[in-house]
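Trainee: This structure is in structure tokens; I'll ask about it shortly.
2 protein chains.
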Amino acid sequence: MEQPRQRAAANSNPLTTVAFLERAPTAYADCPSIVYKQTTYTWSQTHRRSLQVASSLSSIITRGHVVTVVAPNIPATYELHIAVPMCGAILNTINTRLDARTVSVLLCHSEPKLVFVDHQFSSLVLEAITLFPSNAKVPLLVPITDDEPSPSSTLGFIDTYENMVAAAHHHRKELSIATGIFINTLSSLLDWSVPHHPVFLWTLPMFHANGWSYTWGMATMGGTNVCLRNFNASIIYNLIKRHNVTHMCGAPVVLKMVVSNSPTNEHLEKPVQFLASGAPVPAPLLLQAESLGFRVSHGYGLTETAGFVMSCAWKPQWNTLAASERARLRARQGVRTIGLMQMDVVDPERGVSVKKDGLSLGEIVFKGGPMMLGYLKDPTAESSCMREDGWFYTGDIGVIHPDGYLEVKDRSKDVIISGGENISSTEVESVLYSNPAISEAAVVARPDEFWGETPCAFVCLKDELSETPTEEEIIEFCRTKLPHYMAPKTVVFKEELPKTSTGKVNKFMLRDIAKAI
Amino acid sequence: MEQPRQRAAANSNPLTTVAFLERAPTAYADCPSIVYKQTTYTWSQTHRRSLQVASSLSSIITRGHVVTVVAPNIPATYELHIAVPMCGAILNTINTRLDARTVSVLLCHSEPKLVFVDHQFSSLVLEAITLFPSNAKVPLLVPITDDEPSPSSTLGFIDTYENMVAAAHHHRKELSIATGIFINTLSSLLDWSVPHHPVFLWTLPMFHANGWSYTWGMATMGGTNVCLRNFNASIIYNLIKRHNVTHMCGAPVVLKMVVSNSPTNEHLEKPVQFLASGAPVPAPLLLQAESLGFRVSHGYGLTETAGFVMSCAWKPQWNTLAASERARLRARQGVRTIGLMQMDVVDPERGVSVKKDGLSLGEIVFKGGPMMLGYLKDPTAESSCMREDGWFYTGDIGVIHPDGYLEVKDRSKDVIISGGENISSTEVESVLYSNPAISEAAVVARPDEFWGETPCAFVCLKDELSETPTEEEIIEFCRTKLPHYMAPKTVVFKEELPKTSTGKVNKFMLRDIAKAI
């Protein structure tokens with residue numbers, strides 16, 4: 000009988016995403032890697048530029064250091080996704096929509112040695128640094144000037160990014176080993192059937208889970224990264240046409256913005272694959288997007304899972320179903336991608352799997368390679384989600400349908416428990432969205448002496464309605480479409496809903512309002 | 000500074016190809032998994048059947064046992080690629096073209112606990128067992144009767160395969176952990192751009208490196224495995240038409256057989272992807288195949304690398320080149336696939352990289368995940384190829400072109416060294432093949448007192464030639480197309496060339512003939 004083997008040097012090379020980029024200058028040499036404004040780089044150039052940045056970095060940082068990037072989806076951000084892991088350092092991309100106070104907290108926690116700052120966000124970062132406690136160490140700042148003149152204030156700034164590209168030292172090779180993102184990069188490419196030489200429009204911020212690992216994915220397949228600093232629908236349609244974009248990603252809100260502002264309402268010349276995540280795509284949006292030539296896929300994951308690890312695997316026999324039924328199936332988060340080893344939905348109290356009946360709510364849990372190694376310097380948060388039973392607890396609530404497909408029902412905090420029954424706020428919201436008078440809706444728990452909690456709806460009405468519905472009419476509308484206990488007991492009309500810095504509805508604020516009613 | 004992390008249970012699940020199959024009954028449930036003659040299985044059925052076989056197996060075998068399969072590309076062979084790793088056992092598929100003596104040697108060496116034997120090969124295996132040394136342990140035999148009646152001789156046979164499928168025990172879960180083949184399965188799918196729901200025609204024997212990992216690959220993408228027991232061109236064309244085949248693999252000789260016997264010489268209704276490996280596809284065959292609607296890709300690998308790990312990454316700008324130039328580029332083995340971490344060509348004497356000039360010959364070496372763990376019970380062979388410098392030595396000879404693309408020139412034993420110059424026999428052969436009078440050619444070294452060795456060509460002429468070339472004319476033909484020293488000094492005309500049991504030209508035999516001239 001054969002005994003388990005020790006691995007030998009030849010078969011135990013660490014799996015690193017840097018390997019994808021090292022292969023690109025041969026496999027894709029003169030093929031375009033990045034287009035941005037009037038500049039086009041080739042894969043040979045992107046490889047060389049990244050290597051030169053890594054070389055400059057390696058005289059300042061070493062394995063285990065944190066390097067922060069505060070920048071939009073520009074070439075430098077892409078190159079730093081290669082250069083930082085090439086030095087064995089930890090890449091920390093910060094959401095550029097955050098406020099100075101939050102950025103300050105993040106910088107103090109992660110203690111980066113260097114912060115790369117795009118000129119658009121230099122005042123944000125400089126303000127964040129002024130908020131540091133007096134004993135905190137101020138990081139070195141590297142400005143990314145892009146095509147703008149150098150920033151007026153150079154407080155704390157060292158060499159510019161382009162100077163780091165220009166300086167050619169000898170790079171001390173010191174790779175980040177990242178099995179999880181290696182596996183998830185391959186898995187996300189396969190799951191979305193990304194072919195060789197895709198043209199990827201960067202509407203998804205790279206700071207969101209490294210662009211769901213498609214940063215490295217584009218190096219893997221020799222894709223063209225269409226970078227952009229800011230965007231609106233008109234910019235997106237122009238870039239799609241100009242560069243023959245084949246793939247793009249984003250939250251459903253991005254798809255909605257694109258679809259609602261189609262310049263001609265004409266079908267795209269060539270189909271564009273749109274991978275949506277963050278929330279299910281509502282049925283009307285899905286149908287509208289498909290009629291314009293977008294092919295919508297639906298994935299689900301977290302930053303902690305290196306991007307999406309569940310996806311709504313589409314069965315050919317579903318193509319013949321009615322449009323509304325197809326939309327209902329497509330809205331589910333689906334099955335694990337091939338990089339994820341196990342998924343389950345468990346009763347958070349008892350830790351056992353819920354029934355696969357599409358009704359029993361439980362917490363979504365994962366096992367497998369794409370899970371993060373852990374949170375930086377936060378063992379408490381880490382052990383609360385990576386538990387001793389071997390599962391990663393997502394904090395999200397879902398059901399498993401009889402066919403084994405997962406459907407996310409809520410963030411665990413968004414469950415409303417009324418009379419002992421769990422109510423998913425998103426389920427109530429989706430009914431509200433189906434009301435033709437309502438443009439935006441959010442549902443939160445309102446404390447209730449009798450029921451414990453009741454659903455409280457906040458709605459915005461569409462402009463120019465011939466007649467506006469009353470609170471009673473909206474409640475009645477919900478009662479015709481939901482179990483009685485799930486219909487809102489209260490409806491609050493708002494001009495607009497409060498949002499967080501990442502554009503999500505600020506439910507904490509709405510809960511406070513509901514409590515005070 | 001962040002210190003290296005221990006991996007936690009949630010992120011360190013072993014990577015096993017069994018996970019692909021466990022996902023399939025959900026992601027691909029009622030989609031066809033296997034079609035064979037009049038039978039169609041779904042992925043739910045294939046999962047259940049494999050699990051039942053694993054269950055039956057787990058009462059007999061355990062982790063580390065060897066299980067041998069001697070069978071053609073039938074459903075049982077596919078299912079055993081799942082069931083055997085599900086038990087933590089080692090799958091050993093034997094080339095069905097071998098003779099009884101060789102099979103006997105293989106069985107004695109690997110000491111399988113069980114041998115699954117298809118009825119077509121039961122006499123082969125039974126004869127092999129009669130050749131065992133008297134002290135060798137005879138394995139248990141499990142007949143696969145397929146749709147044939149039970150074999151007349153049941154010597155040493157235990158339960159049939161279908162009975163093992165029917166028996167439902169409780170399966171002790173004991174997975175084979177196989178990071179290398181996990182990585183190579185994903186890598187091979189991505190490299191060939193295999194989409195969801197491909198229809199894969201099994202012309203490539205599954206016993207060749209597990210069908211280049213596409214056995215597991217089909218479970219990953221929800222493909223349909225079109226199985227077949229034996230085939231010829233007419234069977235292949237019928238199956239392509241009947242099942243809308245999208246993908247198939249094989250050595251160039253298979254492609255040649257298919258292309259030369261196109262029933263109508265008409266273009267295929269839909270293009271079929273053909274992945275060739277084992278040898279480059281000669282230019283005329285490539286052009287002919289493409290004109291019929293085959294899209295030819297070219298990969299290179301070894302059984303030791305779990306399938307192909309190099310492939311001729313195609314650049315869009317090459318599409319505009321002349322056909323002959325495209326064929327020349329396509330014939331190269333190309334760049335590493337994304338699963339392979341490093342590739343090099345080294346001077347075997349000095350161990351340093353050869354020049355990337357397309358001329359300097361050296362041994363092809365690899366590093367990375369897809370490399371085998373080792374040879375079963377053969378530490379000498381293992382250490383001769385998996386060396387302490389961390390490289391796996393392939394024994395194959397190649398050059399690296401200035402663009403970084405590998406071209407395999409020869410098996411190391413096939414290099415002819417004449418006057419201190421290395422001559423690649425395949426290079427001379429490809430010139431011989433370009434002679435319109437020659438149907439088959441092989442070149443070996445002939446000992447020579449002055450030059451050390453000279454190239455000696457063995458050629459078969461085509462039927463019905465208006466005039467047959469002389470030895471001098473063929474040598475002169477080569478001299479016009481090759482450096483003088485590379486042209487054969489001797490040409491031997493043969494009716495047909497001797498072949499090994501796997502259909503390759505038997506060069507050992509030709510060397511003996513050349514020596515005796």
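So the sequences go chain by chain: A and B. Numbered as in numbering that gives the first Met the number 0, the first sequence ends at 516 without a single skipped number. Numbered as in numbering that gives the first Met the number 0, the second sequence ends at 516 without a single skipped number. For every residue, glycine included, the Cβ atom is placed at its ideal position computed from N, Cα and C.
Which same chain residues end up closer than 6 Å to Val-442(B) when comparing Cβ atoms and leaving out the 5 residues on each side of it in sequence?
Mentor: Residue mapping note: residue 442(B) aligns to position 443 of the second sequence, counting from 1. Hits under 6 Å: Ser-424, Val-427, Glu-428, Pro-454, Ala-456.
Trainee: Under the DSSP definition of a beta bridge, which residues are partnered with Phe-307(B)?
Mentor: The sequence position of residue 307(B) within the second sequence is 308, counting from 1. The partner list for Phe-307(B) (beta bridge, DSSP) reads Gly-300(B).
Trainee: Measuring alpha carbon to alpha carbon, tell me which of Lys-255(B), Ser-382(B), Tyr-374(B) ends up nearest Ser-438(B).
Mentor: Position 439 of the second sequence, counting from 1, holds the residue named residue 438(B). Of the candidates Lys-255(B), Ser-382(B), Tyr-374(B), the one whose C-alpha sits nearest the C-alpha of Ser-438(B) is Lys-255(B).
Trainee: Taking Cβ positions only, does Glu-1(A) come closer than 8 Å to chain B?
Mentor: For this step, residue 1(A) is matched to residue 2 along the first sequence. Yes, contact with chain B.
Trainee: Restricting to Cα atoms, I'd like to know which of Phe-131(A), Ile-176(A), Asp-447(A) is closest to Pro-13(A).
Mentor: In the first sequence, the residue the question calls residue 13(A) occupies position 14. Among Phe-131(A), Ile-176(A), Asp-447(A), the Cα nearest to that of Pro-13(A) belongs to Ile-176(A).
Trainee: Under 8 Å, Cβ to Cβ, is there at least one residue of chain A near Thr-25(B)?
Mentor: On the second sequence, position 26 is the one that residue 25(B) refers to. With 8 Å as the cut-off, Thr-25(B) counts as an interface residue toward chain A.
Trainee: Since I believe Pro-279(B) is in contact with Ala-321(B) (beta carbons under 8 Å), could you give me their beta-carbon distance rounded to a whole number of angstroms?
Mentor: The count along the second sequence starts at 1 and reaches residue 321(B) at position 322. The count along the second sequence starts at 1 and reaches residue 279(B) at position 280. That pair is no contact at about 18 Å.
Trainee: Mapping the DSSP letters down to three states, classify Arg-329(A) as helix, strand or coil.
Mentor: In the first sequence, residue 329(A) corresponds to position 330, counting from 1. Helix.
Trainee: For Thr-95(B), which three-state DSSP category applies?
Mentor: Here residue 95(B) is taken as the residue at index 96 of the second sequence, counted from 1. Note: Thr-95(B) maps to coil in three-state DSSP.
Trainee: Cβ of Met-85(B) less than 8 Å from any chain A Cβ?
Mentor: Along the second sequence, one-based indexing puts residue 85(B) at 86. No, Met-85(B) does not count as interfacial toward chain A.
Trainee: Below 6 Å CB to CB, which residues in the same chain sit around Gly-210(A) once its five sequence neighbours on both sides are set aside?
Mentor: Here residue 210(A) refers to the residue found at position 211 of the first sequence. Cβ neighbours of Gly-210(A) beyond the five flanking positions: Leu-203.
Trainee: Does the contact criterion of 3 or more C-beta pairs under 8 Å hold for the segment 457-469 of chain A versus the segment 481-492 of chain A?
Mentor: Segments in contact, yes.
Trainee: Ends of the alpha helix (DSSP H) at Phe-507(A)?
Mentor: Looking up residue 507(A) in the first sequence gives position 508. That run of the alpha helix (DSSP H) goes 506-515.
Trainee: Classify Tyr-27(B) as helix, strand or coil using the three-state DSSP reduction.
Mentor: Taking the second sequence and counting its residues from 1, one reaches residue 27(B) at position 28. It is coil, neither helix nor strand.
Trainee: I need the straight-line Cα distance from Gly-357(A) to Val-345(A), nearest angstrom please.
Mentor: The residue you call residue 357(A) lines up with position 358 of the first sequence. The residue you call residue 345(A) lines up with position 346 of the first sequence. For Gly-357(A) and Val-345(A), the distance between alpha carbons rounds to 13 Å.
Trainee: Counting only beta-carbon atoms, is Cys-30(A) nearer than 8 Å to chain B?
Mentor: Within the first sequence, numbered from 1, the residue matching residue 30(A) stands at position 31. At least one chain B Cβ lies under 8 Å of Cys-30(A).
Trainee: How many angstroms separate the CA atom of Ala-70(A) from the CA atom of Tyr-432(A)?
Mentor: For the purposes of this step, residue 70(A) is identified with residue 71 of the first sequence, where counting begins at 1. For the purposes of this step, residue 432(A) is identified with residue 433 of the first sequence, where counting begins at 1. Cα-Cα distance, rounded: 34 Å.
Trainee: Look up Ala-208(B) in the DSSP assignment and say whether it is helix, strand or coil.
Mentor: Along the second sequence, read from residue 1 onward, the residue named residue 208(B) stands at position 209. Ala-208(B): helix per DSSP, three-state reduction.
Trainee: For Met-217(B), which three-state DSSP category applies?
Mentor: Indexing the second sequence from 1 puts residue 217(B) at position 218. Of the three classes helix, strand and coil, the one that applies to Met-217(B) here is helix, per DSSP.
Trainee: According to DSSP, what are the bridge partners of Ile-396(A)?
Mentor: As a working note, residue 396(A) is residue 397 in the first sequence. Partner(s): Glu-362(A), Asp-409(A).
Trainee: Taking 8 Å as the threshold (C-beta atoms), are Ser-359(B) and Val-398(B) in contact?
Mentor: Walking along the second sequence from the start, residue 398(B) turns up at place 399. Walking along the second sequence from the start, residue 359(B) turns up at place 360. Closer than 8 Å, so yes.
Trainee: Between Arg-4(B) and chain A, is any beta-carbon pair separated by less than 8 Å?
Mentor: Locating residue 4(B) in the second sequence gives position 5, where the first residue counts as 1. Yes - at least one Cβ of chain A is within 8 Å of the one on Arg-4(B).
Trainee: Leaving out five residues before and five after Leu-380(B) in sequence, what residues of the same chain have Cβ atoms less than 8 Å from its Cβ?
Mentor: As a working mapping, residue 380(B) is identified with position 381 in the second sequence. Reading the sequence as shown, one finds Ala at residue 380(B) and not Leu. Excluding residues within five positions, the ones whose Cβ falls inside 8 Å are Tyr-374.
Trainee: Going residue by residue through the segment 45-116 of chain B, where are the continuous beta strand (DSSP E) segments of at least 3 residues, counting only ones entirely within it?
Mentor: Complete beta strand (DSSP E) runs here, min 3: 65-69, 89-92.
Trainee: Taking its Cβ as the centre, do 16 or more other Cβ atoms sit within 10 Å of Ile-416(B), making it buried, or is it exposed?
Mentor: Along the second sequence, read from residue 1 onward, the residue named residue 416(B) stands at position 417. With fewer than 16 other Cβ atoms within 10 Å, it is exposed.
Trainee: Nearest chain A C-beta to Asn-224(B) closer than 8 Å, yes or no?
Mentor: The sequence position of residue 224(B) within the second sequence is 225, counting from 1. It does not; no Cβ of chain A falls within 8 Å.
Trainee: For Val-351(A), would you say it is in contact with chain B, using Cβ-to-Cβ distances shorter than 8 Å as the test?
Mentor: Stepping through the first sequence from its first residue, residue 351(A) is reached at position 352. Output row for Val-351(A): interface = no.
Trainee: Ordered along the chain, which non-local residues of its own chain (more than five positions away) have a Cβ less than 7 Å from that of Thr-76(A)?
Mentor: Here residue 76(A) is taken as the residue at index 77 of the first sequence, counted from 1. Val-68, Ala-70, Met-205, listed in sequence order.
Trainee: Could you name the residues of the same chain whose beta carbon sits closer than 7 Å to that of Asn-72(A), not counting the 5 residues immediately before and after it, in chain order?
Mentor: Along the first sequence, one-based indexing puts residue 72(A) at 73. Around Asn-72(A): Trp-201, Pro-204, Met-205, Cys-226, Leu-227.
Trainee: Mind checking which residues open and close the alpha helix (DSSP H) that includes Pro-251(B)?
Mentor: Your numbering for residue 251(B) matches position 252 in the second sequence. Note, Pro-251(B): alpha helix (DSSP H), 251-259.
Trainee: By the criterion of Cβ-Cβ separation under 7 Å, what are the contact partners of Phe-391(A) in chain B?
Mentor: In the first sequence, the residue the question calls residue 391(A) occupies position 392. Correct list: Ala-9.
Trainee: Can you have a look at Ile-396(A) and say buried or exposed, based on whether 16 or more other CB atoms are within 10 angstroms of its CB?
Mentor: Here residue 396(A) is taken as the residue at index 397 of the first sequence, counted from 1. Flag for Ile-396(A) reads buried.
Trainee: Near Met-85(B), which residues of its chain fall below 6 Å by C-beta distance, leaving aside the five closest residues on each side in sequence?
Mentor: Looking up residue 85(B) in the second sequence gives position 86. So the list reads Val-17, Ala-53, once near-sequence residues are dropped.
Trainee: Please name the residue, chosen from Ser-186(A), Thr-184(A), Ala-208(A), Gly-216(A), that lies closest to His-196(A) on a Cα-to-Cα basis.
Mentor: The residue labelled residue 196(A) in the question sits at position 197 within the first sequence. Checking every option, the nearest Cα to that of His-196(A) belongs to Gly-216(A).
Trainee: So with CB distances below 7 Å, who are the chain B contacts of Pro-194(A)?
Mentor: Along the first sequence, read from residue 1 onward, the residue named residue 194(A) stands at position 195. Those within 7 Å of Pro-194(A) in chain B are Ser-192.
Trainee: For Asn-264(A), collect the residues of the same chain with a Cβ closer than 8 Å to its Cβ; drop the 5 residues on either side in sequence, then sort them by chain order.
Mentor: Here residue 264(A) is taken as the residue at index 265 of the first sequence, counted from 1. If we look at Asn-264(A) and ignore the five residues flanking it on each side, its Cβ neighbours are Leu-291.
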